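Residues in the sequence shown are numbered from 128 upward in steps of one, following our numbering.
Encoded as structure tokens, the structure appears first; notes follow it.
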Amino acid sequence: MKIEKSIEINKSSELVFDYLRITKNQDNFSVWNMNDPNMKKTHKGKDGTVGFVYSWDSTLKNVGAGEQEITGIEEGKSIDYAIRFFRPMKNTGKSKFQITSRGEDRSSVTWIFDRPSKFPMSLFSPIFKKMLGKDIEKGLTNLKGILERN
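Okay, structure coming up:
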């Protein structure tokens, strides 16, 4: 199951990349990070570098528990993550931010989410894609608002 959503931001690709590179900034725009202000968060390593791990643990079923690890960085262009869900269902996935310059003070951000979907859960992929797609779009809209205000 692969979902890709994009948004145009009226800021330079360098500024957008520098903001996205810091995983903890997802607390400011990601719908999932913002769902439970009381969730427990832990961090291992240096944020913004390969190997950094951001973990969460929530009592809310729709948030659950898991961790996100930076697995690759192409300077100024993309950040890759491995995502491991522990609760409510064990699963793994990949996520990526791609940043593309659209001029001096414009850029495009594409947020990609990709995870295996095995039978019988694959039957629900269209529903999950729609739900997750809306969350990703909302997160990108939040990101645009934050970056364009500053």
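Ideal placement from N, C-alpha and C gives every residue a C-beta, glycine not left out.
As the structure is a computational prediction, the values presented were derived from the model and not from experiment.
Taking 8 Å as the limit between beta carbons, can you name the residues of its chain near residue 205, skipping five residues before and five after? Apart from the 5 residues on each side of it in sequence, residue 205 sits with its Cβ closer than 8 Å to the Cβ of 199, 223, 224, 225, 226 in its chain, given in chain order.
Can you give me the start and stop residues for the alpha helix (DSSP H) that residue 155 sits inside? Per DSSP, residue 155 belongs to the alpha helix (DSSP H) from 153-156.
Determine the closest residue to residue 130 out of 239, 190, 187, 258, with distance taken between C-alpha atoms. It is 239.
Closest by CA to residue 176, which one among 214, 213, 133, 145? If we check each option's Cα against that of residue 176, 145 comes out closest.
Starting from residue 350, follow the alpha helix (DSSP H) in both directions and report where the run begins and ends. The structure shown does not extend to residue 350, since the chain spans only 128 to 277, so no value can be given for it.
Go to residue 184, then tell me how far its beta strand (DSSP E) extends in each direction, as first and last residue. Where residue 184 is concerned, the enclosing beta strand (DSSP E) stretches over 180-184.
Starting from the C-beta of residue 169, find all residues in its chain whose C-beta is less than 7 Å away, skip the five residues before and the five after it, and write them out in chain order. Around residue 169: 182.
Who are the Cβ neighbours of residue 193 in its own chain at under 8 Å, not counting the five residues just before and after it? Only residues of its own chain outside the window of five on either side were considered, and among them 182, 183, 210, 211, 212, 213, 214 have a CB closer than 8 Å to the CB of residue 193, listed in chain order.
Among 140, 136, 149, 258, nearest to residue 196 - alpha-carbon criterion: Relative to residue 196, the option among 140, 136, 149, 258 whose CA is nearest is 149.
Would you call residue 266 buried or exposed, if buried means 16 or more other Cβ atoms sit within 10 Å of its Cβ? Buried: at least 16 other Cβ atoms inside 10 Å.
Rounded C-alpha distance that separates residue 78 from residue 174: Outside the displayed range of the chain (128 to 277) lies residue 78, so it cannot be described from this structure.
Distance, Cα to Cα, residue 152 vs residue 261? So the two alpha carbons sit approximately 20 Å from each other.
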